[in-house]
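Take 3 as the starting number for the sequence shown in this note's numbering and just add one per residue.
Cβ atoms here follow ideal geometry from the backbone N, Cα and C, with glycine treated the same way.
See structure below.
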Amino acid sequence: MSSHSPSPRAVLDGIPAYVPKPPQPPATGTSHRLFLNENPYPPLPSALAAISRAAARTNLYPGIFPDQLADAVARKLEVPLSHVLTGPGSVGIYQQIGQAMLSPGDEVVYAWPSFEAFPIVVRMAGAVPVEVPLTGETHDLEAMAAAIRPRTAMVLLCEPNNPTGTAVGAAELKRFLDRVPGHVLVVLDEAYFEFYRAPDAPDGVELHRDRPNLVVLRTFSKAYGLAGLRVGYGVAHPEIAEALRKCAVPCGVSRIAEQAALAALNAEDELLEQVGRITAERERLREALGAQGRRVPPSATNFLWLPLGKDSSTVAAALEQRGLLVRDFPGTGLRITVGSPEANDLLIATLGGLTPAR
Ligand SMILES: Cc1ncc(COP(=O)(O)O)c(C=O)c1O
């Protein structure tokens with residue numbers, strides 16, 4: 003027997019490892035999860051009812067693809083069924099994109115800081131990240147267009163942007179898309195689409211209709227409140243969509259996830275009401291923090307960005323002591339999910355107790 007052990011692919015060296023942890027004892031006191039941009043409310047009642055109905059059939063595999071959901075998405079978005087993508091969360095679709103559309107050495111342009119999955123998807127494929135700094139807290143679309151070179155295969159665009167919450171308007175986005183050569187795939191991640199309600203907000207599904215190089219991703223994890231079930235969707239023109247489906251994990255979307263997503267899709271009024279509550283809380287929080295002398299960029303999402311620079315880790319630790327668990331980007335800022343009114347009140351009070359410069 004050889005003494006050498008099997009070697010993982012070298013590209014994995016550049017990817018952060020997940021170290022398995024023993025189960026953690028439950029935290030004492032109340033803690034508020036404000037670090038993953040989850041919806042603070044339980045799933046919509048109609049989704050909960052669908053979950054319990056589908057639970058009784060978990061002895062059966064789901065379909066290879068969630069055909070019922072794909073059909074409902076196609077009808078709702080008024081796109082052909084052949085354009086619809088699905089996956090176990092939109093991160094599942096990112097994996098399909100990496101496998102289907104990237105080759106070693108391809109360059110992929112994306113903004114930074116932006117969605118943390120971007121460098122992982124790119125590196126996993128052996129492709130080369132080309133990171134373009136934000137201008138202030140917003141996409142620098144001019145610089146991103148200029149970063150496209152002969153080896154560029156893909157552009158990843160998170161709009162509105164995670165972690166800064168900022169958005170560009172439809173006209174600016176269209177101008178950018180028009181500058182991207184047709185052979186370069188653009189992935190437009192609209193995970194926070196439902197929270198971006200401005201009249202000039204872009205709608206990726208509309209934009210994709212006459213752009214065969216555009217893939218649009220959305221999710222049931224945020225506004226729809228189904229993060230725990232792992233189901234995302236999107237649209238792309240048929241040649242790309244077919245390639246992505248070839249790389250999907252068969253039966254990757256569970257029956258429970260599919261049925262809950264279907265119910266949530268059909269509960270538009272309940273969804274809008276909940277999104278309204280979250281965006282109203284977002285504005286209340288932003289105003290209160292502004293009144294404390296903090297600069298908080300306008301957000302088109304369900305979270306706020308506090309550009310605290312070198313103070314971010316100290317402030318994150320102070321918040322954690324009060325049970326407020328936020329996402330720290332050390333040296334840059336904090337991303338704080340809009341939580342329940344109770345969590346938001348506690349956040350305002352705790353930040354109010356710190357010196358305004360922090
Ligand atoms: C921009 C963006 N895309 C995708 C996701 C993940 O979505 P999903 O739960 O559908 O995998 C997130 C989650 O935070 C996100 O911020």
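Report all residues from its chain with a CB closer than 6 angstroms to the CB of T303; omit the five preceding and five following residues, and keep chain order.
Cβ within range, chain order: P162, G167, Y194, F197.
Cβ-based burial, W114 [other Cβ within 10 Å; buried from 16]:
By the Cβ neighbour-count rule, W114 is exposed, with fewer than 16 other Cβ atoms within 10 Å of its own.
Looking only at C-alpha atoms, which of A119, P10, G236 sits nearest to H85?
Looking at the Cα atoms, G236 is the closest of the given residues.
Would you mind listing the beta strand (DSSP E) stretches within the stretch 263-351 that are 3+ residues and don't spill past its ends, in chain order?
Those beta strand (DSSP E) runs which fall completely within the stretch 263-351 and span 3+ residues are 305-308, 326-331, 335-339.
Stretch pair the stretch 250-270 + the stretch 325-338: three plus CB contacts closer than 8 angstroms
Contact between the stretch 250-270 and the stretch 325-338 is absent: fewer than three C-beta pairs spanning the two stretches fall below 8 angstroms.
Quick one: grab the DSSP three-state call for D191.
Here D191 carries a strand assignment [DSSP, helix/strand/coil].
Per-residue DSSP class, three states only, for Y96:
Note: Y96 maps to helix in three-state DSSP.
Measuring from the CB of A229, is there a heavy atom of ligand 1 at a distance below 7 angstroms?
For ligand 1, at least one heavy atom lies less than 7 angstroms from the Cβ of A229.
Rounded to whole angstroms, what's the CA-CA distance from A57 to A259? Just pull it up for me.
Separation of A57 and A259 (C-alpha to C-alpha, rounded to the nearest whole angstrom) is 10 angstroms.
On the CB-based measure, 16 or more other CB atoms within 10 Å of its CB, does D180 come out buried or exposed?
Counting Cβ neighbours within 10 Å, D180 comes out exposed, since fewer than 16 surround it.
Taking the Cβ atom as the reference point for each residue, do G234 and V218 lie within a distance shorter than 8 angstroms?
Between G234 and V218, the C-beta spacing is not below 8 angstroms.
Kindly examine ligand 1 and report whether one of its heavy atoms sits closer than 7 angstroms to the Cβ of C160.
Checking the Cβ of C160 against ligand 1 gives yes.
Any idea if R213 is buried or exposed, counting beta-carbon neighbours within 10 angstroms, 16 or more meaning buried?
Flag for R213 reads buried.
Roughly how many angstroms separate the alpha carbons of L308 and A148, rounded to a whole number?
Counting only the Cα atoms, A148 lies some 29 angstroms from L308.
Starting from the Cα of R199, find the closest Cα among A245, L190, A225 and give me that residue.
Considering only alpha carbons, the answer is A225.
Measuring only from the beta carbon, is S92 closer than 7 angstroms to any heavy atom that is part of ligand 1?
Yes, ligand 1 has a heavy atom inside 7 angstroms of this Cβ.
How would you call P82, buried or exposed, if buried means at least 16 neighbouring beta carbons within 10 angstroms?
Flag for P82 reads exposed.
Is the closest heavy atom of ligand 1 to the C-beta of L50 under 7 angstroms?
Flag unset: Cβ of L50 not near ligand 1.
Answer yes or no: do R151 and D108 have a C-beta to C-beta separation smaller than 8 angstroms?
No, the Cβ-Cβ distance between R151 and D108 is not below 8 angstroms.
The beta strand (DSSP E) spanning H85 covers which residue range?
Here H85 belongs to no beta strand (DSSP E), and DSSP marks it neither H nor E.
In the stretch 205-274, which residue ranges form an unbroken beta strand (DSSP E) of at least 3 residues, counting only runs that do not cross its ends?
Taken in chain order, the complete beta strand (DSSP E) segments of 3 or more residues contained in the stretch 205-274 are 216-221, 234-237.
Expressed to the nearest angstrom, what Euclidean distance is found between the alpha-carbon atoms of A319 and A19?
About 24 angstroms.
Quick one, which of T316, R284, E289 has its alpha-carbon nearest I338's?
For the residues T316, R284, E289, the minimum Cα distance to I338 belongs to R284.
If you compare alpha carbons, which of G138, G100, L143, F117 is closest to V130?
Residue G100 is the option with its Cα nearest to V130.
Can you give the beta carbon distance from I17 to I122, rounded, assuming they're within the 8 angstroms contact cut?
Contact holds; Cβ gap of about 6 angstroms.
Can you determine whether any heavy atom of ligand 2 sits closer than 7 angstroms to the C-beta of S223, and answer yes or no?
What this structure holds is ligand 1, not ligand 2.
Between Q70 and V93, what straight-line distance do the alpha-carbon atoms span, to the nearest angstrom?
For Q70 and V93, the distance between alpha carbons rounds to 21 angstroms.
On the three-state DSSP scale, how would you describe A149?
Here A149 sits in coil by DSSP.
Secondary structure, alpha helix (DSSP H): runs of 4+ residues fully inside the stretch 40-72
Whole alpha helix (DSSP H) segments, 4+ residues: 47-57.
Assuming K248 and A102 form a contact by the criterion Cβ under 8 angstroms, report the distance between their Cβ atoms to the nearest whole angstrom.
So it is a contact: roughly 7 angstroms between Cβ atoms.
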